[in-house]
Every structure is written in C-alpha cells, then in structure tokens.
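In my numbering, the protein residues as written are 9 to 229.
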Amino acid sequence: MGAVKTKRMPRAVREQQMLDAAVRIFGQRGYMAASMDEIAELAGVSKPLVYLYLNSKEDLFTACIRREAGALVEAVRAGVHRDLPADRQLWEGLGAFFTHTGENPDAWSVLHLQARTHGEPFAAEVTAMREEIVAFVTQLILAGAREAHRDPDLPEGEVAGLAEALVGAAESLAAWANATPGVTARQTAATMMNFAWAGLGDLMAGRPWAPPEEQPGPHAG
Numbered sequence: 009m010g011a012v013k014t015k016r017m018p019r020a021v022r023e024q025q026m027l028d029a030a031v032r033i034f035g036q037r038g039y040m041a042a043s044m045d046e047i048a049e050l051a052g053v054s055k056p057l058v059y060l061y062l063n064s065k066e067d068l069f070t071a072c073i074r075r076e077a078g079a080l081v082e083a084v085r086a087g088v089h090r091d092l093p094a095d096r097q098l099w100e101g102l103g104a105f106f107t108h109t110g111e112n113p114d115a116w117s118v119l120h121l122q123a124r125t126h127g128e129p130f131a132a133e134v135t136a137m138r139e140e141i142v143a144f145v146t147q148l149i150l151a152g153a154r155e156a157h158r159d160p161d162l163p164e165g166e167v168a169g170l171a172e173a174l175v176g177a178a179e180s181l182a183a184w185a186n187a188t189p190g191v192t193a194r195q196t197a198a199t200m201m202n203f204a205w206a207g208l209g210d211l212m213a214g215r216p217w218a219p220p221e222e223q224p225g226p227h228a229g
C-alpha cells in the first residue's frame, strides 16, 4: 500500500519533500560530506528517483539555494509594513529576518556558509539574493530619510553602502544567534537596532557624524 501512495504523490509535492531533506542534510553535514543516499533515505524515496527529479547533486544543491533564498527574501518583504515610521519598518524587517533564520537554521547554514564556499555558481545564487535584500534596505533607508526631512542630503551611493553594512552585520548576527542557545529573534533584532539605529536615526534627521578635520603635521608648510 505504501508503494502505491508513493507513486500517486504529485511530483511537485515529492520534489519539495526531497528539497526539505536535502536542506537538512546539506545544512547539517555540509555540501561535500552530504550524500545522495542520505538525502534519499530522509526523503523516503530511492536515490534514482532523486536523480530523476533533480539531475545531480549540484543541481539539487542549487535548487535548495534558490528555494531558501526566495523564502528568506519573501519573509523580510512580508514583515515590513510601509505605512509605519522608518524605525518601525527596520525593526519589523530585522524581526522577520532573524525569525526566519532562527526557525530555519539548516537553510541559513546552506545560504550563509555552504553556498558561499563551494564554487562560483552556488555563490552567485546567494549574491543575487543578497543584492535584492540590500536594494530593499537601501530603499527603506532612503524612504526614512525623506520622512525625517523632505529634502534629504543623502547620496544614494552612501545609502547603498549603509545598507550593505547593515545587511552584513545582520548576517553575522544571525549566525551568532543560531549558534548561541537561548537567544531569541526579538533579542537579536533589538541588538541590531541598538547597533544600527542610533547612527541611522541621526543621519536621517540631518545630524551625520563627521570625521575630524585633518590637522597639519609638525613639518607641514
């Protein structure tokens, strides 16, 4: 009876089942150590069926990256309500990010660790996801600056750099939170806000920090 049910399972459902198993194995064992036998066994299918659906270990890993990257981007976008003040938007976006990475540690391991260290095709998939999140955060910061003062003097290139720094810090913090027992997504988001918003808030309000003017040296002149 079980074999009959297996055959009748829709292809899309079975493929997601395989991807679920693959993300778990890749995330916990790493790309090189993961075996197709383990993935097939965890998915409850034969190894030839995994190859039939997903062609190769490389294609399976790529499919995992694409699915998990899309899910993370969608979670962040869905978590932000654009009618809220800028700080609340950032707070909600960070909360969504850390909630998703905390609830899906194997997926985050695939995206943050495995995909970046096993070749350009895999790294390129993660880079595309990261660029989308950075662009989203860039627009959020620009919108916040316009909200704070209607004619913001914030060059978009500088804002893009701020967004890049913010996303990079959030990625590192997510890895730390997932490795630290007892740390909640809310606590992690609050840590990130305390780290970032003091500076961003002043910047948006037209009070940027500036380096001191260079003083002439003793032998200048």
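Here a beta-carbon is modelled for each residue, glycine too, at the ideal position from N, C-alpha and C.
On a predicted model such as this, the values are computed, not experimentally measured, just so you know.
- The criterion of a C-beta distance shorter than 7 Å is satisfied by G101 and V88.
- Comparing alpha carbon positions, the residue from S117, F144 and D28 closest to S180 is S117.
- Here L119 really is in contact with L80; their C-beta atoms are around 7 Å apart, less than 8 Å.
- Exclusion of the five residues before and after V145 leaves A171, L174 and V175 as the residues of its chain whose Cβ lies within less than 7 Å of its Cβ.
- With respect to F130, A123 sits close: the two C-beta atoms are nearer than 7 Å.
- Every alpha helix (DSSP H) of 4 residues or more that sits fully in the stretch 27-55 is shown, in chain order, as 44-51.
- In the three-state reduction of the DSSP assignment, R19 falls in the helix class.
- A residue is called buried when at least 16 other Cβ atoms come within 10 angstroms of its Cβ; T109 meets this threshold and is buried.
- Annotation for A83: the continuous alpha helix (DSSP H) segment containing it runs K65 to G87.
- Boundaries of the alpha helix (DSSP H) harbouring T109: A94 to E111, taken from the DSSP string.
- Straight-line measurement puts the Cα of L148 at about 41 Å from the Cα of L50.
- Selection V142, S43 and G190 evaluated against A177 yields V142 as nearest (Cα-Cα).
- Closest in alpha carbon position to L150, among A94, F106, T192 and W205, is A94.
- By a beta-carbon distance limit of 8 Å, W205 contacts L98. Their separation comes to about 7 Å.
- By the Cβ-count criterion, R85 is exposed, with fewer than 16 other Cβ atoms from all chains shown falling within 10 Å of its own Cβ.
- Secondary structure at R194: helix, using DSSP grouped into helix, strand and coil.
- E111 and G190 have their alpha carbons spaced roughly 13 Å apart.
- Residue state for T199 is assigned as helix, using DSSP reduced to three classes.
- With respect to F34, A41 sits apart: the two C-beta atoms are not nearer than 7 Å.
- Judged by beta-carbon spacing, E133 lies within the 7 Å limit of I73, meaning their Cβ atoms are closer than that value.
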